[in-house]
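Working notes, beginning with the structure itself.
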Amino acid sequence: MLRCIDVTKDYPAHGGRRRVLDRVNFTLERGEKLGVLGRNGAGKSTLIRIIGGVEPLSGGSVERTMTVSWPLAFGGAFQGSLSGLDNLRFICRIYGLDYAPTRAFVDDFAELGSQLGEPVKTYSSGMRARLAFALSIVIEFDCYLIDEVIMVGDARFHRRCQEELFEKRHDRAMIVVSHDMGFMRDTCDHMAVINQGLFTRYDDNAEAIATYEAL
Numbered sequence: 003m004l005r006c007i008d009v010t011k012d013y014p015a016h017g018g019r020r021r022v023l024d025r026v027n028f029t030l031e032r033g034e035k036l037g038v039l040g041r042n043g044a045g046k047s048t049l050i051r052i053i054g055g056v057e058p059l060s061g062g063s064v065e066r067t068m069t070v071s072w073p074l075a076f077g078g079a080f081q082g083s084l085s086g087l088d089n090l091r092f093i094c095r096i097y098g099l100d101y102a103p104t105r106a107f108v109d110d111f112a113e114l115g116s117q118l119g120e121p122v123k124t125y126s127s128g129m130r131a132r133l134a135f136a137l138s139i140v141i142e143f144d145c146y147l148i149d150e151v152i153m154v155g156d157a158r159f160h161r162r163c164q165e166e167l168f169e170k171r172h173d174r175a176m177i178v179v180s181h182d183m184g185f186m187r188d189t190c191d192h193m194a195v196i197n198q199g200l201f202t203r204y205d206d207n208a209e210a211i212a213t214y215e216a217l
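Taking the working numbering, the leading residue of the sequence shown gets 3, the next gets one more, and so forth.
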């Protein structure tokens, strides 16, 4: 289970504070897939980063009784001065993974070739995203945080992402952020809308989409 309790996030703005998330509360059970809708800047990605532990919150808490990924395709956790391979070795040590099969999977999936031996700070954003996605998949989390990850790379890579996430790992919990309403309808059990910092969850996905499109 994953539970957000009064999750709040403020940012400095014009000498004051701007509240992006205002006391967000929800529970996600194992295997449940929740879609989060909202206009650009509404706080969707901020919520994903908070749940993934890569951004601090201003108030409230996040409780986890299942393992949760970092935001898929998020490369901010990498040490830029280290090579992709050195970052891979570090991840293997932290999560207790065997290096050889993990590298083989990352080599095949990320398709970075010799660039894996280069410092991550020299990577393009797309290359970082491929590496982060491959490592997220190989660790086998109970819950995946998906923030427009399917938009990374070319059509072939999109298809591989779809297969790894939504076919091979269809039994996992997921929190999904996307502007593709068809994709959200096909993927999510429930949806929520973030507007002016407020998080509203809907049992009827059609109602959630109608609310979002009316913003």
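In this text, a Cβ means the ideal position worked out from N, Cα and C, and glycines have one as well.
Asked: Do the region 119-131 and the region 100-110 touch if we need at least three Cβ pairs shorter than 8 Å?; Found: no
Asked: If Gly-199 and Gly-45 are in contact, beta carbons under 8 Å, what's the gap, nearest whole angstrom?; Found: 7 Å
Asked: My output table needs one value for Lys-170: the three-state DSSP class, helix, strand or coil.; Found: coil
Asked: According to the neighbour-count rule (16 or more other Cβ atoms, all chains shown, within 10 Å of its Cβ), is Ser-47 buried or exposed?; Found: buried
Asked: For His-192, does the three-state DSSP call read helix, strand or coil?; Found: strand
Asked: Taking the alpha carbon of Met-68 as the reference point, which residue from Gly-54, Pro-58, Gly-61 and Val-195 has its own alpha carbon closest?; Found: Gly-54
Asked: Taking the beta carbon of Phe-80 as the centre, do at least 16 other beta carbons fall within 10 Å, making it buried, or is it exposed?; Found: buried
Asked: Please identify the residue among Leu-147, Asp-182 and Met-129 whose C-alpha is closest to the C-alpha of Glu-215.; Found: Asp-182
Asked: For Met-3 and Gly-98, I'd like the C-alpha separation in whole angstroms.; Found: 23 Å
Asked: If you run the structure through DSSP and keep just helix, strand and coil, what is Ala-44?; Found: coil
Asked: Check whether the region 170-182 touches the region 28-45, taking contact to mean three or more Cβ pairs, one atom from each stretch, closer than 8 Å.; Found: yes
Asked: Apart from the five residues on each side of it in sequence, which residues of its chain come closer than 7 Å, Cβ to Cβ, to Asp-205?; Found: His-192
Asked: If you count every other CB in all the chains shown that lies within 10 Å of the CB of Ile-96, and 16 or more means buried, which is it?; Found: exposed
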